[in-house]
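The numbering of the sequence shown is this note's numbering, which starts it at 26 and goes up by one.
Backbone N, C-alpha and C fix where the C-beta goes; we use that ideal spot for every residue, glycine too.
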Amino acid sequence: MEEQNSNPPGPQPQHTPNRKPGKKRRLSLYWLYAILAVLLIGFNLWGPSKGSQEKIDQGKLIDLLKNEQIQRIDLVNKETAEIYLNSKGLSAHFPDMTPNKKGTTESPSYTYNIGSLERFEELVQTTQEGLPKPVYINNVSKKSWGWEFLIGWLPLIALILIWVVIFRQIGRGGAGGGQIFSIGKSKAQLFDKDNIPVNVTFKDVAGLEEAKVEIMEIVDFLKNPEKYTKLGGKIPKGVLLVGPPGTGKTLLAKSVAGEANVPFFSISGSDFVEMFVGVGASRVRDLFKNAKEKSPCIIFIDEIDAIGRARGKNPINGGNDERESTLNQLLTEMDGFGTNSGVIVLAATNRADILDKALMRAGRFDRQIYIELPDLVGRREIFEVHMRNLKLGNDVDREFLARQTPGFSGADIANVCNEAALMAARNGKDQIEKQDFLDAIDRIIGGLEKKNKIITADEKKVIAFHEAGHATTSWLLQYAHPLVKVTIVPRGKSLGAAWYLPEERQITTKEQMYHEMIATLGGRASEQVIFGQISTGALSDLEKVTKQAYAMVTYYGLNEVIGNISYYDSSGQQDFSITKPFSEKTAEVIDQEISKLIESAYQEAIDILKDHRDGLTRLAEKLIEKEVIFSEDLEQIFGKRPWDKETESEKLIDKPKEDVSENLI
Ligand code: ADP
Ligand code: ZN
Numbered sequence: 026m027e028e029q030n031s032n033p034p035g036p037q038p039q040h041t042p043n044r045k046p047g048k049k050r051r052l053s054l055y056w057l058y059a060i061l062a063v064l065l066i067g068f069n070l071w072g073p074s075k076g077s078q079e080k081i082d083q084g085k086l087i088d089l090l091k092n093e094q095i096q097r098i099d100l101v102n103k104e105t106a107e108i109y110l111n112s113k114g115l116s117a118h119f120p121d122m123t124p125n126k127k128g129t130t131e132s133p134s135y136t137y138n139i140g141s142l143e144r145f146e147e148l149v150q151t152t153q154e155g156l157p158k159p160v161y162i163n164n165v166s167k168k169s170w171g172w173e174f175l176i177g178w179l180p181l182i183a184l185i186l187i188w189v190v191i192f193r194q195i196g197r198g199g200a201g202g203g204q205i206f207s208i209g210k211s212k213a214q215l216f217d218k219d220n221i222p223v224n225v226t227f228k229d230v231a232g233l234e235e236a237k238v239e240i241m242e243i244v245d246f247l248k249n250p251e252k253y254t255k256l257g258g259k260i261p262k263g264v265l266l267v268g269p270p271g272t273g274k275t276l277l278a279k280s281v282a283g284e285a286n287v288p289f290f291s292i293s294g295s296d297f298v299e300m301f302v303g304v305g306a307s308r309v310r311d312l313f314k315n316a317k318e319k320s321p322c323i324i325f326i327d328e329i330d331a332i333g334r335a336r337g338k339n340p341i342n343g344g345n346d347e348r349e350s351t352l353n354q355l356l357t358e359m360d361g362f363g364t365n366s367g368v369i370v371l372a373a374t375n376r377a378d379i380l381d382k383a384l385m386r387a388g389r390f391d392r393q394i395y396i397e398l399p400d401l402v403g404r405r406e407i408f409e410v411h412m413r414n415l416k417l418g419n420d421v422d423r424e425f426l427a428r429q430t431p432g433f434s435g436a437d438i439a440n441v442c443n444e445a446a447l448m449a450a451r452n453g454k455d456q457i458e459k460q461d462f463l464d465a466i467d468r469i470i471g472g473l474e475k476k477n478k479i480i481t482a483d484e485k486k487v488i489a490f491h492e493a494g495h496a497t498t499s500w501l502l503q504y505a506h507p508l509v510k511v512t513i514v515p516r517g518k519s520l521g522a523a524w525y526l527p528e529e530r531q532i533t534t535k536e537q538m539y540h541e542m543i544a545t546l547g548g549r550a551s552e553q554v555i556f557g558q559i560s561t562g563a564l565s566d567l568e569k570v571t572k573q574a575y576a577m578v579t580y581y582g583l584n585e586v587i588g589n590i591s592y593y594d595s596s597g598q599q600d601f602s603i604t605k606p607f608s609e610k611t612a613e614v615i616d617q618e619i620s621k622l623i624e625s626a627y628q629e630a631i632d633i634l635k636d637h638r639d640g641l642t643r644l645a646e647k648l649i650e651k652e653v654i655f656s657e658d659l660e661q662i663f664g665k666r667p668w669d670k671e672t673e674s675e676k677l678i679d680k681p682k683e684d685v686s687e688n689l690i
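Okay, structure coming up:
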């Protein structure tokens with residue numbers, strides 16, 4: 026889920042107030058830049074001559090030689106001839122230059138590219154034939170020290186550079202400068218009055234009423250600890266927030282800090298983990314040290330499962346020493362601070378089941394708050410919170426939108442509001458209308474509409490019949506989830522989709538599961554019935570059905586042959602990828618039973634569709650024509666579902682607390 030309002034990227038704030046953040050690091054880097062700059066400049070000034078002297082051609086050289094204007098020719102590295110003029114030559118060509126004692130200049134006046142060595146020597150000789158004082162060629166070899174230097178020192182410079190970069194990387198975000206030692210500092214981001222104020226309060230958190238009540242108590246603990254300790258009670262040290270991603274756990278933790286008006290340290294479990302052993306533990310120590318200095322305060326550890334996973338459950342891999350020592354340090358720290366030290370640790374995870382039992386023991390995370398996906402009312406309130414700052418059109422109805430978004434998390438809804446605003450802006454509107462929200466919802470469910478995805482008429486027909494197959498079977502089966510909407514507009518990876526409105530139920534019967542499997546296979550069955558052939562388009566259906574059948578047989582004890590046995594492991598302690606909890610023989614039976622179950626469901630789907638071939642065809646044609654159809658269209662074709670006593674929307678209004686989630690097939 027998209028993280029919003031969370032830690033902004035950028036330099037990490039400092040924990041100890043008196044130190045100037047990051048100053049040392051920058052200084053040392055400036056030094057490096059300075060050295061490099063000096064090198065470059067020096068190289069340019071004193072490096073190999075850049076040919077400031079005029080280059081002359083053969084004709085000019087012959088002229089100079091014939092007129093006896095040359096004092097000396099230095100042949101440098103057998104490539105370039107440097108020509109020094111004598112006083113006669115100087116007065117002829119450079120009248121404002123006075124010759125030195127030797128009758129020439131310090132630097133050559135001209136250079137000449139010799140081409141081949143023999144021809145050059147011959148040229149110089151023959152040109153001067155008969156002259157009284159011929160000039161001879163001096164062979165000199167000049168080493169340009171710049172290059173020598175560079176080549177000699179390059180490896181070392183490169184090493185230093187790499188070294189600096191590495192330690193800068195490691196030290197990044199660490200407290201207290203750029204020394205390598207900051208690797209063990211915690212990377213927690215601090216929100217407080219001086220740095221980034223926490224401006225989130227309970228007002229910004231919609232729904233989650235029970236969680237708020239419970240967490241309100243913690244605010245009270247922080248504000249008036251004496252009230253509780255007076256009677257001998259102990260203030261809880263840690264609260265674990267458990268729930269799916271995007272349900273507002275971070276937001277809730279932040280709002281506690283905002284309500285209590287105390288500093289808030291935010292860190293993710295994975296920030297502790299580094300490839301060096303011992304770093305995590307030292308970061309934990311550092312975090313708690315900083316927190317105690319700022320107490321009363323709140324530490325928030327997001328994704329605590331990154332370190333809090335149960336220890337040493339897999340003897341083959343030998344466990345992860347680094348993670349274990351980090352976790353041990355965390356446990357020690359939580360045990361270590363006194364109950365009245367004013368530090369409360371909040372942690373979030375979406376997998377409480379895999380956490381180490383030691384973390385949940387009394388005195389550590391003694392409280393657990395479960396946060397679930399928002400229900401209809403919750404979603405409406407979240408819409409309200411996020412619409413506060415939007416310019417809305419008159420037709421925007423929060424209740425309606427909440428009903429269109431079953432299974433959405435708070436983060437999804439925040440995302441819908443933002444997308445809708447962007448869409449309206451893109452279309453040049455001056456307010457956000459209902460349609461923008463609907464488009465945003467579709468986009469978030471299915472990804473971007475692929476307007477230019479090329480789908481041939483034949484393919485479109487197959488997709489339409491596939492989706493119509495799902496719709497028909499689910500409509501005609503008593504226990505399948507009723508359908509809300511079917512589309513064949515390609516989005517993201519899917520070519521078409523059917524949305525269902527699952528009824529809220531805490532237990533599911535065998536029959537209900539079986540009916541759902543039939544409806545899931547209805548897509549492929551429809552292809553078989555209509556075209557007599559099947560396609561690859563049913564991959565996700567098959568995956569879903571296989572998983573469901575596997576669960577029925579091995580987890581829920583819903584198969585007669587296997588009987589009342591569950592191989593489910595709720596503790597997450599066993600690793601079944603290596604050892605299976607059943608024998609080879611049982612494995613064979615399981616495979617057979619799963620296959621039998623799926624095949625009979627498929628046959629059932631085929632039978633239903635054969636019986637209602639007309640309806641199926643009409644539905645598919647309507648789908649090809651309109652691309653999107655709703656339950657009303659199904660009702661027109663097949664009639665009301667006899668076992669539906671009330672329509673879905675009425676049901677929702679009657680029982681607004683009901684939770685609905687959505688399936689995308
Ligand atoms: P989590 O930590 O559970 O993954 P976050 O707290 O980071 O989720 O939520 C992400 C964003 O989703 C929040 O910044 C907020 O904009 C939005 N959000 C989630 N739940 C709620 C809620 N109950 N009320 C208002 N906004 C919410
Ligand atoms: Zn399908």
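Asked, Found
"Proximity winner among Leu401, Arg348, Ala117, Val441, relative to aspartate 296 (alpha-carbon distances)", "Arg348"
"Three CB pairs or more closer than 8 Å across the stretch 110-118 and the stretch 140-158", "no"
"C-beta atoms of glutamate 652 and valine 441 nearer than 8 Å", "no"
"Entirely enclosed alpha helix (DSSP H) segments - the stretch 308-332, minimum 4 residues", "none"
"According to DSSP, residues forming a beta bridge with leucine 265", "Ala372, Gln393"
"Cut-off 6 Å between Cβ atoms - residues of its own chain near valine 578, not counting five sequence neighbours on either side", "Asn584, Ile587, Ile615, Glu618, Ile619"
"Coarse secondary structure for alanine 231, derived from DSSP in three states", "coil"
"Buried versus exposed call for leucine 634 [16 or more other C-beta atoms within 10 Å across all chains shown]", "buried"
"Inter-residue CB distance, histidine 540 and tyrosine 504 (contact presumed, cutoff 8 Å)", "4 Å"
"Given glycine 140 as reference, the closest of Asp121, Asp82, Gly582, Glu93 once Cα atoms are compared", "Asp82"
"Burial state of glutamine 429, where buried means 16 or more other Cβ atoms lie within 10 Å", "buried"
"Exposed unless 16 or more other CB atoms sit within 10 angstroms - verdict on glutamine 661", "exposed"
"Leucine 179 versus isoleucine 60 - alpha carbon distance", "13 Å"
"Best match in Lys459, Glu107, Ala522 for proximity to glycine 418 [C-alpha to C-alpha]", "Lys459"
"Spatial neighbours of glutamate 104 in its chain, beta-carbon cut-off 6 Å, leaving aside the 5 residues before and after", "none"
"Contacts around glycine 343, its chain only, beta-carbon distance under 7 Å, and the 5 residues preceding and following it disregarded", "Because glycine 343 carries a pLDDT of 48, less than 50, the predicted location of this residue cannot be relied on, and the following value inherits that uncertainty. None."
"Straight-line Cα distance separating isoleucine 332 from aspartate 381", "9 Å"
"Close Cβ partners of tryptophan 500 (< 7 Å) along its chain, the five nearest in sequence each way excluded", "Leu508, Leu659, Phe663, Arg666"
"Helix, strand or coil at glutamate 79 [DSSP, three-state]", "strand"
"Glutamate 107: first and last residue of the uninterrupted beta strand (DSSP E) it sits in", "105-110"
"6 Å CB neighbourhood of isoleucine 341 in its chain, flanking five on each side removed", "Annotation note: pLDDT 48 at isoleucine 341 (below 50); position unreliable, coordinate value reported separately. Correct list: empty, nothing qualifies."
"Anticipated Cβ contact below 8 Å, histidine 495 with alanine 465, distance rounded", "The Cβ separation is near 25 Å, so there is no contact."
"Separation of aspartate 311 from alanine 200, as counted between CA atoms", "Low confidence applies to alanine 200: its pLDDT is 41, below 50, so where it sits in the model is not reliable, and the reading given next is rough at best. If you take the alpha carbons of alanine 200 and aspartate 311, they lie about 9 Å apart."
"Rounded distance between the beta-carbons of phenylalanine 313 and glutamate 358, thought under 8 Å", "4 Å"
"Environment of threonine 264 [buried if 16+ CB atoms lie within 10 Å]", "For clarity, residue 264 is valine in the given sequence; the question names threonine instead. Classification for valine 264: buried."
"Residue burial classification, leucine 276 (beta-carbon count within 10 angstroms, cutoff 16)", "buried"
"Coarse secondary structure for glutamine 456, derived from DSSP in three states", "coil"
"heavy atom of the ligand ZN below 7 Å from histidine 491 C-beta", "yes"
"Contacts around lysine 274, its chain only, beta-carbon distance under 7 Å, and the 5 residues preceding and following it disregarded", "Leu266, Gly268, Ala373, Ile396"
"Helix, strand or coil at valine 223 [DSSP, three-state]", "coil"
"Residue environment, glutamine 628, which counts as buried when at least 16 other CB atoms sit within 10 Å", "exposed"
"Euclidean distance between Cα positions of phenylalanine 145 and asparagine 125", "28 Å"
"Cα-Cα separation between isoleucine 240 and valine 281, rounded to whole angstroms", "7 Å"
"Buried versus exposed, by CB contacts within 10 Å (16 or more), glutamate 671", "Since pLDDT at glutamate 671 reaches only 49, below the 50 mark, its modelled position is unreliable, and the value read off the structure follows with that caveat. When all chains shown are included, glutamate 671 counts as exposed."
"Nonlocal neighbours in the same chain, by C-beta distance under 7 Å from glycine 271, ignoring five residues either side", "Met26, Ser434, Gly435, Ala436, Asp437"
"Any non-hydrogen atom of the ligand ZN closer than 7 Å to histidine 637 Cβ", "no"
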